[in-house]
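Below: one structure, written as structure tokens.
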Amino acid sequence: MSRPFISLCMILYLLDQELWLEAYYEFEKCTRMGDNSWKYVTLRGVGSSYALYYMPICLAKMGRPVEAQAILEAAGKGGALSEQVLTAQA
Numbered sequence: 183m184s185r186p187f188i189s190l191c192m193i194l195y196l197l198d199q200e201l202w203l204e205a206y207y208e209f210e211k212c213t214r215m216g217d218n219s220w221k222y223v224t225l226r227g228v229g230s231s232y233a234l235y236y237m238p239i240c241l242a243k244m245g246r247p248v249e250a251q252a253i254l255e256a257a258g259k260g261g262a263l264s265e266q267v268l269t270a271q272a
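Structure, rendered in structure tokens:
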């Protein structure tokens, strides 16, 4: 199996178990691999938009809303999405 597929399965498990830090690190690995890697078979979005959506949620769940907001702003996803992500910690 390819590494991105294993990462995706691992991430789903980590999110289900509420292991936010570990899931965050796996999403970080996905962003480094990217979507258009010739070395790996990837699912479009896992290395970019999905990771950039869930990374701030993981940070917010860990009680780190400032860092979550910084990722959202760096990704250009501020505004309504940032409110949705930051309220996900409740």
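Numbering-wise (the numbering used here), the sequence shown opens with residue 183 and increments by one. Note that beta-carbon positions come from the ideal geometry of N, C-alpha and C, so glycine has one too.
Following the continuous alpha helix (DSSP H) through residue 233, name the residue where it begins and the one where it ends.
Mapped onto the sequence shown, residue 233 falls at position 51. Element bounds for residue 233: 231-243.
Spatial neighbours of residue 197 in its chain, beta-carbon cut-off 6 Å, leaving aside the 5 residues before and after:
As a position in the sequence shown, residue 197 is number 15, starting the count at 1. For residue 197, where only same-chain residues beyond five positions count, the Cβ hits under 6 Å are 205.
Does residue 199 come out as helix, strand or coil in the three-state DSSP assignment?
Locating residue 199 in the sequence shown gives position 17, counting from the first residue. Reduced to three states, the DSSP call for residue 199 is coil.
According to DSSP, is residue 294 part of a helix, a strand, or is it coil?
This structure leaves residue 294 out entirely; the chain is present only between 183 and 272.
Cα separation between residue 243 and residue 235?
As a working mapping, residue 243 is identified with position 61 in the sequence shown. As a working mapping, residue 235 is identified with position 53 in the sequence shown. CA-CA distance, residue 243 to residue 235, rounds to 13 Å.
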